[in-house]
Structure formats: C-alpha cells, structure tokens
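Note that full-length UniProt numbering has the sequence shown beginning at 1, numbered continuously upward. Where is the CB? At the ideal position from N, CA and C, for every residue including glycine.
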Amino acid sequence: MTHNCIQLGKRSTSTICKRASISHPKQNVTIKCNYPRSLSASSNVILHSVPENYGNVGMILLQKGKPVIPQQQYRRPFKYPFPTSFPTPTQVFFLMAPSTDLVDFCVRLPKVELHAHINGSISPKTMHQLMDRKRAMGTLNEELAAWQVPDSLERINDFFALFKYIYQLTEDEEAIRITTRNIIDEFAADGVKYLELRTTPRKNPATGMTKESYLAAVLSVINEPRDDIVVRLIVSIDRRNTLEEAFEAVDLATKFRSQNVVAIDLCGDVSKGSFEALKPAFDKAKSLGFKITLHFNEIMENMVEAPALLAFGPDRLGHATFLDDASRQHIYGNNIPVEICMTSNVVSKTVDSYETHHVKALLKEKHPFVLCTDDKGVFFSDLSNEFVICSNTFKMNKEELYESSYRAIDYIFADTKTKEHLKQVWNEWRMQEFN
Ligand SMILES: [Zn+2]
C-alpha cells in the first residue's frame, strides 16, 4: 500500500514520496523513506494527508537498523524539525497509530497482563542493548554480529528462528536481569498494573547459568520494590521437555514459591510432545497447590488431547482457538477464563483475521476472557494495542473496555489481598476518568 503523504523540506520530493509505503495498514503503521543526502539540518518534514483516524505519530532514525536518535512522538500538524548532521544514509521511520483518543485511553486504562512469555516479550530496543553489551564484552560471535535486529513485523520471516538469536543474547544471569527489568518497565509504561510473566527455566553450560540461577535472576528483578506495577511469575513446562525436566521445573517453582511464583504453564511448539507424557509433573504441581494454565487447542491437530487437558481441571486456558462442542460445553460450563492474544494468533496464522477471531464468541456468550500479548517483542504489539484492536474490531466502547479490564482482576493468580488492592486502583481510576 503506497501512501503519498511525506514532504521533506520545501524541495520537490516526489521520488521519496513514491517510495514511501505503509507497511502495516491494520494498526501501527510504518512509513519508511531514505534520509536524503542533500537535506540540510534546518529542514522540516511535513506529513500531508494523514488520515483523520491516525493520531499519534512518532519518528525514529535508524542507521543499519540501529536508532541514531530515540523515537520521538509528535501530534498534529506533524511537523518534524530534523536533528543536526549525522552520517548518511539514514532511514527515517514514521510510526503512526490510529485514533489518538482511543489509543490514549487504552494506554491510560489500568490493565492486567496474564499471558506474556519473557523471551517473546523482549523489545527490539532491548535486543540492541544486549547486542551492544555482548560487543563490549567481546562475546559477539559472527552469526550474531551478522544478525539484524528486526525493526518491524514484515522483516521477520520465521518467529521460531528469531528465538535462536534471542537465546544467544540472554545466555547469562545479567542479561536475564536486564531483559526482565526492561520488560516490566515497558509493560508499566503501557499502563499495566498487574503482570504475570512466564518462562521455561533455561541453562547454559558455557556461561555457567543453571536453571536455578536463571530463575533466581528473573525473580530478583520481579521482586524489586516498585509501586507502579505488581509482578508475579508462572513457570512454564515446554511440550518438548522430558518428564524429568518437567519435574525439575516443578521442583524449582516449589523452591522459589515464596518469591512470588504462582503457577505452572504448559507451552511450546504445539506440534511437538504431549500433555499425557508430562502429566505426572502437572499432577504434582496441582497437589502442591500451584495454579495451572495450559496452552490449549491453538491448532486443529491439538484437539485430540483436549479431553485430557480439560479433565485435568486447569484454572485458565491460553488461546482455546479451536473448540468442538464437548470442549465448548466444558469451558463454558466450568467458567474457565481464556487468555486471548489476538495479534499473536493473526500473525502466526492460527486465526484468519481479527474479525473472525474466536474472542467474538466469548464476547457474545459473556464468557470470561483476558486480553493479553503473548510475545509483545516479536509481534510488535503491546497490551494497549490489543485493547485498541479489540475495540475497533468488535465496537467495544470505553465503558466496555474498562469492564473487561476490571473483570480480568478476578482471573489473576495472586491472593485476595492483591485482588482487592487492584480493584481499588481500578475504581479510583474509573471515578476520575468517567466523571
Ligand atoms: Zn503463549
């Protein structure tokens, strides 16, 4: 989709205009053009004919995929004073988001995030930071040095391949601490007041990181005192794990339980492994009183194991994309909350479009669900954006968005006192916002 709306300075810029393109027309839009060699430092960039429903516009300048100035936000009339000289060529990205009012509301709205994998939530900014760190330490290998941190969804061909690089960037405890802290900061800046992060304990013999020291690093940051957000941890068991590894994860969760580990999750490549093989570890977790959430029926092929997963009695389900009558009856009958990740499902193509997303049925049935991000770093969508998408797609007004966010507090895995505290925060916000 080409959009003729950029003018650089006073000079004729038709070439640049023709090359500018909107790369993600649905929600966040990136307009890209090359910074022209001839532009003077005093030039302005003016965006013309920006559609009315596109409110916030940000600008970021990149060289070889690396920001040279931090992203800046601008409002109408979108005039950009260019910074003083820096080497060319530089790419200029304009990041635009629809409807200022709705976007602002969704960022301000206090929110609960219950389905966020640490590795997938690492932002490109953090990836750059970790690359710089490795470069400074002299541990950047050739493969990683040649890798380009993705700057948009379109640049990612294979999400699973991306994790190969993410693991290399996060192979020691300090990298894990940096990552976890940045993720929490980013969720807090997006208006998330309660966050349940999840991760599969990972080891790296080369750096001496063990599964235990990995979890200790994550939890040391989760438990740093802060008053803007409450954070808890879910320990994930990967479908590819052996039963022994699954038991190890439960044992570690038990060891760190007093440090705000609240639940156990079944995650990982949906086409691999089976719940049945790992069930004894989940039985143990349940008997110890851990809450349980399971990635459920993400693809049709998973439906055969649905009866076993539901019979286990999970406290929440992730995705629940494909439901036959028996599953639907069980989930509705037992009021099991569903963690909904719209962008994740659409981008990874388990759902055709936002319009046909299965949350539509849950809205109609008034069945409990919680909007979540899954992997905000690799899918380029934070939680406020998921609220914008849901609102735009299913015509939810602000009151309904607030209600949805408020109801999510009932489905968190924290204690009653935390729930009551959060409800108070939400109520106070509501009084201010709607009066
Ligand atoms: Zn997930």
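CB contact flag (residue i, residue j, <9 Å)
i, j, result
"Glu301", "Val270", "yes"
"Lys286", "Gly268", "no"
"Val107", "Asp190", "yes"
"Met127", "Tyr167", "no"
"His357", "Ile340", "yes"
"Leu383", "Ser391", "no"
"Met137", "Leu169", "no"
"Thr293", "Leu317", "yes"
"Asn223", "Asn182", "no"
"Ile237", "Leu278", "yes"
"Ser405", "Val103", "no"
Where the alpha helix (DSSP H) containing residue i begins and where it ends
i, result
"Gly377", "376–379"
"Ser274", "That residue, Ser274, is in no alpha helix (DSSP H); it is neither H nor E in DSSP."
"Asp325", "325–333"
"Thr416", "416–434"
"Glu142", "142–146"
"Lys111", "Lys111 -> not in any alpha helix (DSSP H); beta strand (DSSP E) instead, spanning 111–117."
"Val304", "Premise fails: Val304 is in no alpha helix (DSSP H) and is neither H nor E."
"Glu244", "243–255"
"Arg316", "Per DSSP, Arg316 belongs to no alpha helix (DSSP H); it is in the beta strand (DSSP E), 316–319."
"Glu400", "398–407"
"Leu130", "124–137"
Residue i Cβ short of 8 Å to ligand 1 heavy atom set
i, result
"Gly377", "no"
"His357", "no"
"Gly318", "yes"
"His117", "yes"
"Ser258", "no"
"Ser344", "yes"
"Asp315", "no"
"Asp269", "no"
"Asp238", "no"
"Cys390", "no"
"Asp382", "no"
"Arg410", "According to the sequence shown, residue 410 is Asp rather than Arg. Asp410 Cβ: outside cutoff for every heavy atom of ligand 1."
"His295", "yes"
"Cys341", "yes"
"Asp132", "no"
"Thr374", "Per the sequence shown, the amino acid found at residue 374 is Asp instead of Thr. The answer is yes for Asp374."
Closest Cα partner of residue i within the set the options
i, options, result
"Lys376", "Val347, Lys398, Ala361, Phe369", "Val347"
"Gly120", "Lys134, Ile176, Gly138, Ala146", "Ile176"
"Asp315", "Leu266, Pro150, Phe387", "Leu266"
"Ile229", "Pro110, Met396, Lys398", "Pro110"
"Thr200", "Ser404, Glu248, Leu114", "Glu248"
"Glu276", "Ala308, Leu294, Gly289, Phe296", "Ala308"
"Ala408", "Asp382, His367, Asn385", "His367"
"Ile234", "Glu224, Val218, Arg226", "Val218"
"Ala320", "Pro280, Leu278, Val370", "Val370"
"Phe413", "His117, Phe160, Glu196", "Glu196"
"Val262", "Asn241, Met303, Asp415", "Asp415"
"Thr343", "Pro337, Glu355, Val304, Asn334", "Glu355"
"Lys255", "Ser236, Glu212, Leu294", "Glu212"
"Cys242", "Pro280, Pro225, Thr210, Glu433", "Residue 242 is actually Thr in this sequence, not Cys. Nearest C-alpha to Thr242: Pro280."
"Leu162", "Ala206, Asp410, Leu310, Ile122", "Ile122"
"Asp101", "Thr179, Val250, Val388", "Val388"
"Trp426", "Val192, Phe380, Ala326", "Val192"
"Lys398", "Gln148, Phe379, Asp374, Phe434", "Phe434"
Residue-chain proximity (residue i, chain B), Cβ-Cβ < 9 Å
i, result
"Ile234", "You won't find chain B in this structure, because it holds only one protein chain."
Segment limits, beta strand (DSSP E) that includes residue i
i, result
"Ala263", "261–267"
"Lys291", "291–296"
"Arg232", "230–238"
"Glu224", "No beta strand (DSSP E) holds Glu224; DSSP gives it neither H nor E."
Checklist line | Length at least 4, wholly inside the stretch 345–386: the alpha helix (DSSP H) runs in chain order | finding: 359–365, 376–379
Margin query: Give the list of continuous alpha helix (DSSP H) stretches no shorter than 4 residues that lie fully inside the stretch 157–214.
Written below: 159–169, 173–189
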